[in-house]
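Participant: Going by the numbering used here, the final residue of the sequence shown carries number 364, and the count climbs one at a time with no gaps.
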Amino acid sequence: MRVIISGGGTGGHVYPAIAIANALKKKLPNVEILFVGANGKLEMEKVPRAGYKIEGLDVVGFHRKKLWRNIGFPWKLYKSLRRAKKIIDNFGPDIVVGVGGYASGPVLKQAQRKNIPTVIQEQNSYPGITNKLLGKHASLICVAYDHMERFFPKDKIVITGNPVRTDLVVAEEKISTAYTYFNLDSNEQTTLIFGGSLGARSLNNAVHNSFDFLKKNADTQFIWQVGSLYYEEFVETQTAQLSNVQVKAFIDRMDYAYAVADTVVCRAGALTISELALVAKPAILIPSPNVSEDHQTKNAQALEKIDAAVLVRDDEIHKWESELKDLLKDNKKRKRLSKNIKEYSKPDAAEQIAEMVYNLVHNE
Numbered sequence: 001m002r003v004i005i006s007g008g009g010t011g012g013h014v015y016p017a018i019a020i021a022n023a024l025k026k027k028l029p030n031v032e033i034l035f036v037g038a039n040g041k042l043e044m045e046k047v048p049r050a051g052y053k054i055e056g057l058d059v060v061g062f063h064r065k066k067l068w069r070n071i072g073f074p075w076k077l078y079k080s081l082r083r084a085k086k087i088i089d090n091f092g093p094d095i096v097v098g099v100g101g102y103a104s105g106p107v108l109k110q111a112q113r114k115n116i117p118t119v120i121q122e123q124n125s126y127p128g129i130t131n132k133l134l135g136k137h138a139s140l141i142c143v144a145y146d147h148m149e150r151f152f153p154k155d156k157i158v159i160t161g162n163p164v165r166t167d168l169v170v171a172e173e174k175i176s177t178a179y180t181y182f183n184l185d186s187n188e189q190t191t192l193i194f195g196g197s198l199g200a201r202s203l204n205n206a207v208h209n210s211f212d213f214l215k216k217n218a219d220t221q222f223i224w225q226v227g228s229l230y231y232e233e234f235v236e237t238q239t240a241q242l243s244n245v246q247v248k249a250f251i252d253r254m255d256y257a258y259a260v261a262d263t264v265v266c267r268a269g270a271l272t273i274s275e276l277a278l279v280a281k282p283a284i285l286i287p288s289p290n291v292s293e294d295h296q297t298k299n300a301q302a303l304e305k306i307d308a309a310v311l312v313r314d315d316e317i318h319k320w321e322s323e324l325k326d327l328l329k330d331n332k333k334r335k336r337l338s339k340n341i342k343e344y345s346k347p348d349a350a351e352q353i354a355e356m357v358y359n360l361v362h363n364e
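1) Evaluate contact between the segment 189-198 and the segment 220-228, counting only Cβ atoms and requiring at least three cross-stretch pairs below 8 Å.
2) Just to confirm the assignment, what range does the alpha helix (DSSP H) spanning Gly378 have?
3) By a C-beta neighbour count over all protein chains shown, 10 Å radius and 16 as the cutoff for buried, is Gln121 buried or exposed?
4) Pull up the distance between the alpha-carbon of Arg82 and that of Asn244, whole angstroms please.
5) Buried or exposed: which applies to Leu252, given that a residue is buried once 16 or more other Cβ atoms fall within 10 Å of its Cβ?
6) Who are the near neighbours of Lys346 in its chain, counting only those whose CB is closer than 6 Å to its CB and skipping five residues on each side?
7) Can you name, in chain order, every residue of its own chain whose Cβ lies under 7 Å from the Cβ of Ile157, other than the five neighbours on each side?
8) Give a yes or no on whether the C-beta atoms belonging to Tyr133 and Val279 are separated by under 7 Å.
9) DSSP on Phe250, reduced to helix/strand/coil?
10) What does Val264 pair with, by DSSP beta-bridge criteria?
11) Does DSSP put Phe182 in a helix, in a strand, or in coil?
12) Could you tell me if the beta carbon of Asn359 falls within a distance shorter than 6 Å of some heavy atom in the ligand SAM?
13) Closer than 7 Å by C-beta to Glu173: which residues in its own chain qualify, once you throw out the five before and the five after it? Chain order, please.
14) Classify Val245 as helix, strand or coil using the three-state DSSP reduction.
15) Below 8 Å on the Cβ atoms is my contact criterion, and I expect Leu24 with Ala38 to pass it. Report the Cβ-Cβ distance as a whole number of Å.
16) Which runs of the beta strand (DSSP E) spanning at least 3 residues fall entirely within the segment 74-99, listed in chain order?
17) Within its chain, find whatever has a CB closer than 8 Å to the CB of Ala371; leave out the 5 residues flanking it on each side and keep chain order.
18) Could you please give the first and the last residue of the uninterrupted alpha helix (DSSP H) stretch that includes Lys53?
19) Based on the DSSP secondary-structure assignment, which residues constitute the bridge partners of Ala38?
20) If we call anything under 7 Å between Cβ atoms a contact, is Val96 one with Ile4?
21) Go ahead and label Ala171 buried or exposed: buried means 16 or more other beta carbons lie within 10 angstroms of its beta carbon, across all protein chains shown.
22) State the CB to CB distance for the pair Asn209 and Tyr230, rounded to an integer number of angstroms; the pair is presumed to be in contact (CB under 8 Å).
23) When the distance is taken between beta carbons, is Val107 closer than 7 Å to Gly36?
24) Report yes if the C-beta distance between Gly365 and Arg267 is below 7 Å; otherwise report no.
25) Measure the beta-carbon distance from Arg334 to Pro282 and round it to whole angstroms, keeping in mind my assumption that it falls under 8 Å.
26) Taking C-alpha atoms, which residue in Lys332, Asp326, Tyr179, Ala138 lies nearest to Phe379?
27) With Ser6 as the anchor, note down where its beta strand (DSSP E) starts and where it stops.
28) Report the CB separation of Gly7 from Gly101 in whole angstroms; it is logged as a contact under 8 Å.
29) Going along the chain, which residues of its own chain have a beta-carbon closer than 7 Å to the beta-carbon of Pro163, five neighbours each way excluded?
30) Have a look at the DSSP bridge pairing and note the partners of Leu311.
31) Would DSSP call Gln225 helix, strand or coil?
32) What would DSSP say about Thr157, mapped onto helix, strand or coil?
33) Measure the alpha-carbon distance for Asp330 versus Ala50 and round it to whole angstroms.
Dropping the structure here:
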């Protein structure tokens, strides 16, 4: 069986794609998998590291706010469509899986033109325009949220959840090792703060400006991942020098970080939410306003609605202090948020999607 998996741009697209590939490989050791991504994006580094081949397209996103930046967009889209067609002709896939991101659109479009079965893995509660259009001709649409029939044909939707790394699960034997790894006191509460692998400026600024709050809460330990882009800017700040604050450019062992975290403050990307659900952590979600269709806000609202997370808007980010203060004091609320977000956990999502891909190819 030959499978193309296309998409990427961020960890929220790349890591689910790799999880699906791993599940397919586990089910069918002889399966041939080719990734197609966007040149210069995260997938061009992470996919080969995971042991898979990848081809790149010179595709870019459409800027809705800065329209002048779209001058080269039509030409790059045309080139990407032609390149995607050539890749499909050469590789001859039995099926194409799209996980979202710039490269996903041209590849799925060309596959559908050739009547090759296509599967869309939609991570968010509010899909982008490209996936909405592609969904009309997709064979199957794997989603993580209810009520997605607003956007896709109802008979093609399957709720699978988002594929995540199951090694994140917090096992009891991991916890003591995790405290040692971060040199933390297991008798004190720990809050994990992160804005994705690259970091988030507004979130970093908010934490930096909360020097007095962090100093007053000396009995709480803070792991603050600022992201590789912002590490040099924040590591020498007064806030970073506080004895109860650890600043990290990147956290390699997220399983340990989740293991020690009593509360989490983070963005509301689909992958992050799926990880929080898997590890059942009470969280304050601060959605990024700089994403297409404002999908992070919609992700967070879906959880807030069922009392599974606390939502703080980016333009009111200063409220994170009071929300965290309340959460740290309210053990019942933490347990309630933890229990409710756990309902979103789908640890076998990748295996379920791999099974459906197999069945589509074999007409089962």
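For every residue, glycine included, the Cβ atom is placed at its ideal position computed from N, Cα and C.
Facilitator: Reading from the atomic positions:
1) Yes: the two stretches touch, three or more of their Cβ pairs being nearer than 8 Å.
2) Only positions 1 to 364 of the chain appear in the structure, and residue 378 is not among them; the question remains open.
3) By the Cβ neighbour-count rule, Gln121 is buried, with 16 or more other Cβ atoms within 10 Å of its own.
4) Each residue's alpha carbon lies about 54 Å from the other.
5) The sequence shown places Asp at residue 252, rather than the Leu named in the question. Burial is judged here by how many other beta carbons sit within 10 angstroms of a residue's own beta carbon; Asp252 has fewer than 16 and is exposed.
6) Scanning its chain for C-beta atoms nearer than 6 Å, with the 5 sequence neighbours on each side dropped, one finds around Lys346 the residues Gly161, in chain order.
7) Result list for Ile157: Ile141, Val143, Met148, Glu149, in chain order.
8) Residue identity differs from the one stated: residue 133 is Leu in this sequence, not Tyr. Taking a C-beta distance under 7 Å as the contact criterion, Leu133 and Val279 do not qualify as a contact pair.
9) Residue state, collapsed to three classes: coil.
10) Its beta-bridge partners are Leu192, Ala283.
11) DSSP places Phe182 in coil when its eight states are reduced to three.
12) Of ligands this structure carries none, so the ligand SAM is not represented either.
13) For Glu173, where only same-chain residues beyond five positions count, there are no Cβ hits under 7 Å.
14) If DSSP states are grouped into helix, strand and coil, Val245 belongs with the strands.
15) Incorrect: roughly 22 Å between the Cβ atoms, too far for contact.
16) Given a length threshold of 3 residues, each whole run of the beta strand (DSSP E) inside the segment 74-99 is given here in chain order: 95-98.
17) Limits of the chain in this structure are 1 at one end and 364 at the other, which puts residue 371 out of reach.
18) Here Lys53 belongs to no alpha helix (DSSP H); instead the beta strand (DSSP E) covers 53-57.
19) Note: Ala38 sits in a beta bridge opposite Leu57.
20) A distance below 7 Å separates the beta carbons of Val96 and Ile4.
21) It is exposed - the Cβ of Ala171 has fewer than 16 other Cβ atoms within 10 Å.
22) So it is not a contact: roughly 14 Å between Cβ atoms.
23) The sequence as given places Val at residue 36; Gly does not occur at that position. Judged by their CB atoms, Val36 and Val107 are nearer to each other than the 7 Å cut-off.
24) What is shown of the chain runs 1 to 364, which leaves residue 365 out entirely.
25) That pair is a contact at about 4 Å.
26) Because the chain here runs from 1 to 364, residue 379 falls outside it and cannot be looked at.
27) Residues 2-6.
28) About 4 Å; that satisfies the 8 Å criterion.
29) Apart from sequence neighbours up to five positions away, the residues of its chain that approach Pro163 with a beta-carbon distance below 7 Å are Pro16, Ala19, Ile20, Ala349, Ala350, Ile353, ordered along the chain.
30) Its beta-bridge partners are Leu285.
31) Gln225 falls in the strand class under three-state DSSP.
32) The sequence shown places Ile at residue 157, rather than the Thr named in the question. Of the three classes helix, strand and coil, the one that applies to Ile157 here is strand, per DSSP.
33) One Cα belongs to Asp330, the other to Ala50, and the distance between them is close to 41 Å.
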